[in-house]
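Written below as structure tokens is the structure these notes are about.
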Amino acid sequence: MMWKFLHRLSSLKYFYEWSGKWIPWLTGLTIVLMVAGFYWGLFIAPADYQQGETYRIIFVHVPAAWMSMFVYVIMAIAGFTALIWRTKVSEIVVSECAVIGAMFTALALITGMLWGKPTWGTYWQWDARLTSELILLFLYLGVVAIHSAIEDSRTASRLSGILAVIGVINIPIIHFSVTWWNSLHQPNMQLVSASPSVHPSMLYPLLVMAAAFQAYFIVLLIIRMRNQILYRERRTNWVKQLLVEVN
Amino acid sequence: MRAKRKQRLIFVVVLLVGFSVAVALSLYAMRQNIMLFHTPSQVISGEVPENRLFRVGGIVVSGSVIKAEDGLTTEFGLTDLNHSITVRHTGLLPDLFREGQGIVAQGSLNEGGIFVAQEVLAKHDENYMPPEVAASLNKQGTFRPNQPQG
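Taken in sequence, the protein lines are chains A and B. Per the working numbering, residue 749 is the first one in the first sequence, and the count goes up by one each step. Per the working numbering, residue -11 is the first one in the second sequence, and the count goes up by one each step.
As structure tokens, then:
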């Protein structure tokens, strides 16, 4: 059942038709979660005992940083399946995830720098966490660059897929960078424990923001993938048919 | 699984394992350089570079902060809970600088064994809570911020 569905999804035409009906729902969900998360985080959640109001950038920085790693894992898995099974849908997931992931990574880096100046006293240090996250940005940009440098989209997907898969090595390095080496960046927050290191009044809005970023990622990925599908299949009959209907 | 796919699978797995080993070995070889700072214990045992700037990190010893007459120079003890050294800094300190706080200072040792810092950065930990909660934890004596890290 599950495999049959996945197999059908691997057809570009079927994916295009199936994904279309999810967009309005996911867009609505994203907006609701974003508004709720921002309002809760910026207006209702209390100030921090140590950092005062400055800490509120956490509600953007942490979800963006989580997404920067999550999107990479999705991209690497898609790259892996694209390399071995040559499924067109996973090829498209790789190239579209690369753009979205680069955006989340840049957001995490920029908000981190803006947070660093008032708390640490510096925008940037060549700290293990900061450096490995910067490498993540370069990996994403590398996948984008390889993909757009090669004319034939299938060859482009294969080569950029290899970088996407190899780069996954960086993900555990980012996660454990604050444990393996001493750093300026704070240690990882302990959220799944009896006494989480973030007080519930701050943790709940943070989790809402994390959900909002997830929903935003999915809706963005679907929209971008549909564009890419139309472009790749522009010479097929079903796309020509679709364009006739729209016009 | 068709033979062609199996071949591709082996290729990707070998590539990934090969790169992982290469990265792990390089990171292991560079582990001292990746460390952002040295500890006061390392300073005392002489495991720090001479004639060049380095960073030292630790906790500001409670009750050790002395402001000089000029209003800009600060002297304080820095500890990793085993050993402590004296740090002197002239200039602005970050807002989070206070006694009991984790900090990272960049500078070098002078002849007197005092670490003369050109820059002092403040660390903060992964605990976030409202001031009232911190105050009540403080009262109960269960509040242990800024445990030594790294």
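A virtual CB, placed ideally from N, CA and C, is assigned to each residue, including glycine.
Inset, instruction - Starting from B/L13, trace the alpha helix (DSSP H) both ways and give me its first and last residue. - result: The count along the second sequence starts at 1 and reaches residue 13 of chain B at position 25. Element bounds for B/L13: A(-9) to A17.
Inset, instruction - Check whether the Cβ of A/I792 lies closer than 7 Å to any Cβ atom in chain B. - result: Position 44 of the first sequence holds residue 792 of chain A. Closer than 7 Å: no.
Legend entry - Among A/M957, A/E981 and A/V967, nearest to A/V810 - alpha-carbon criterion: On the first sequence, residue 810 of chain A is found 62 positions in, with the first residue counted as 1. Taking only the C-alpha atoms, the option nearest A/V810 is A/M957.
Inset, instruction - Below 7 Å CB to CB, which residues in the same chain sit around A/A784 once its five sequence neighbours on both sides are set aside? - result: Position 36 of the first sequence, counted from the start, is the residue given in the question as residue 784 of chain A. These residues qualify, in order along the chain: V956.
Inset, instruction - Taking all protein chains shown into account, decide if A/S773 is buried (16 or more other Cβ within 10 angstroms of its Cβ) or exposed. - result: Sequence index remark: in the first sequence, residue 773 of chain A carries index 25 (1-based). Reading off the sequence shown, one finds Trp at residue 773 of chain A, where the question assumed Ser. Exposed: under 16 other Cβ atoms inside 10 Å.
Legend entry - Contact with chain B by A/Q934, beta-carbon distance below 7 Å: Numbered from its first residue, the first sequence carries residue 934 of chain A at position 186. Nearest CB-CB separation between A/Q934 and chain B: below the 7 Å threshold.
Legend entry - Cβ of B/L125 within 7 Å of any chain A Cβ: Numbered from its first residue, the second sequence carries residue 125 of chain B at position 137. Output row for B/L125: interface = no.
Legend entry - Burial state of B/Q135, where buried means 16 or more other Cβ atoms lie within 10 Å: Locating residue 135 of chain B in the second sequence gives position 147, counting from the first residue. Because B/Q135 sits at a pLDDT of 45, beneath the cut-off of 50, its placement in the model cannot be relied upon, and the point is left open.
Legend entry - Opening and closing residue of the alpha helix (DSSP H) in which A/A826 lies: In the first sequence, counting from the first residue as 1, residue 826 of chain A sits at position 78. DSSP places A/A826 in the uninterrupted alpha helix (DSSP H) bounded by I806 to W833.
Inset, instruction - State yes or no: is the beta carbon of A/I966 nearer than 7 Å to at least one beta carbon in chain B? - result: Position 218 of the first sequence, counted from the start, is the residue given in the question as residue 966 of chain A. Not closer than 7 Å to any Cβ of chain B, the Cβ of A/I966 fails to qualify, so no.
Legend entry - Cβ shell of B/I22 (< 8 Å), same chain only, five flanking positions each side left out: The residue given as residue 22 of chain B occupies position 34 in the second sequence. Once the five neighbours on either side are set aside, the close Cβ partners of B/I22 are L15.
Inset, instruction - Measuring only between beta-carbons, confirm whether A/S943 sits less than 7 Å from chain B. - result: In the first sequence, residue 943 of chain A corresponds to position 195, counting from 1. Taking 7 Å as the CB threshold, A/S943 stays off the interface with chain B.
Legend entry - Residue nearest to A/L824 in terms of C-alpha spacing, selected from A/S843, A/V946 and A/R980: The residue labelled residue 824 of chain A in the question sits at position 76 within the first sequence. The sequence shown places Ala at residue 824 of chain A, not Leu. Per the Cα distances, A/S843.
Inset, instruction - Output, in chain order, the set of chain A residues within a Cβ distance shorter than 7 Å of B/A(-9). - result: Start at 1 with the first residue of the second sequence, and residue -9 of chain B comes out as number 3. Result: empty, since nearest Cβ-Cβ is about 13 Å, beyond 7 Å.
Legend entry - B/I32 versus B/I102, B/G79, B/Y116 and B/Q128, residue with shortest Cα-Cα distance: Taking the first residue of the second sequence as position 1, residue 32 of chain B is located at position 44. It is B/I102.
Legend entry - Residues of the stretch 52 to 86 of chain B with Cβ closer than 7 Å to any Cβ of chain A, in chain order: Considering only beta carbons, the part of the stretch 52 to 86 of chain B lying closer than 7 Å to chain A consists of P82, D83 and L84, in chain order.
Inset, instruction - Would you give the residue range spanned by the beta strand (DSSP E) that B/S72 belongs to? - result: Numbered from 1 along the second sequence, position 84 holds the residue referred to as residue 72 of chain B. First-last of the beta strand (DSSP E) with B/S72: S72 to T78.
Legend entry - Contact with chain B by A/A959, beta-carbon distance below 7 Å: Numbered from 1 along the first sequence, position 211 holds the residue referred to as residue 959 of chain A. Closer than 7 Å: no.
Legend entry - B/N134 in three-state terms, based on DSSP: Numbered from 1 along the second sequence, position 146 holds the residue referred to as residue 134 of chain B. The pLDDT assigned to B/N134 is 48, lower than 50, so where the model puts this residue is not dependable, and the model offers no usable value.
Legend entry - Beta-carbon proximity of B/V48 to B/E87, cut-off 7 Å: As a first step, residue 48 of chain B must be located in the second sequence, where it is residue number 60. As a first step, residue 87 of chain B must be located in the second sequence, where it is residue number 99. It is a contact, given that the beta carbons lie within the stated cut-off.
Legend entry - Beta-carbon spacing of B/H77, B/V108 below 7 Å: Position 89 of the second sequence, counted from the start, is the residue given in the question as residue 77 of chain B. Position 120 of the second sequence, counted from the start, is the residue given in the question as residue 108 of chain B. In contact: B/H77 and B/V108 (Cβ atoms closer than 7 Å).
Legend entry - Complete beta strand (DSSP E) runs within the stretch 875 to 927 of chain A (minimum length 3 residues, chain order): Counting whole runs of 3 or more residues, the stretch 875 to 927 of chain A contains no beta strand (DSSP E) stretch at all.
Legend entry - Beta-carbon contacts of B/Q137 that lie in its chain and below 6 Å, excluding the five residues immediately before and after: Position 149 of the second sequence, counting from 1, holds the residue named residue 137 of chain B. Because the pLDDT at B/Q137 is just 39, under 50, the model does not fix this residue reliably, and the point stays unresolved.
Inset, instruction - State the Cα-Cα distance for the pair A/A850 and A/W874, rounded to the nearest angstrom. - result: Taking the first residue of the first sequence as position 1, residue 850 of chain A is located at position 102. Taking the first residue of the first sequence as position 1, residue 874 of chain A is located at position 126. Pairing A/A850 with A/W874, the inter-Cα distance amounts to about 20 Å.
Inset, instruction - Below 8 Å between beta carbons is the criterion; list the residues of the stretch 849 to 873 of chain A that meet it against any residue of chain B, in chain order. - result: Per Cβ criterion, the list reads P866, T867, W868, G869, T870 and Q873.
Inset, instruction - List the residues of chain B that A/H947 touches, going by C-beta distances under 8 Å, in chain order. - result: Taking the first residue of the first sequence as 1, we reach residue 947 of chain A at position 199. Residues of chain B passing the Cβ test: Y116, M117, P118 and V121.
Inset, instruction - Please confirm whether A/I840 and A/L968 have their CB atoms less than 7 Å apart. - result: Translated into positions along the first sequence, residue 840 of chain A becomes position 92. Translated into positions along the first sequence, residue 968 of chain A becomes position 220. No, they are not a contact pair.
Legend entry - Span separating the alpha-carbon of A/V837 from that of B/Q106: For this step, residue 837 of chain A is matched to residue 89 along the first sequence. For this step, residue 106 of chain B is matched to residue 118 along the second sequence. Each residue's alpha carbon lies about 54 Å from the other.
Inset, instruction - Establish whether the CB of B/A110 and some CB of chain A are separated by less than 7 Å. - result: Taking the first residue of the second sequence as 1, we reach residue 110 of chain B at position 122. Yes, B/A110 counts as interfacial toward chain A.
Legend entry - Identity of the residue in A/W833, A/V819, A/T867 and A/V821 nearest A/R804 by Cα: Translated into the one-based positions of the first sequence, residue 804 of chain A becomes position 56. The shortest C-alpha separation from A/R804 is found at A/T867.
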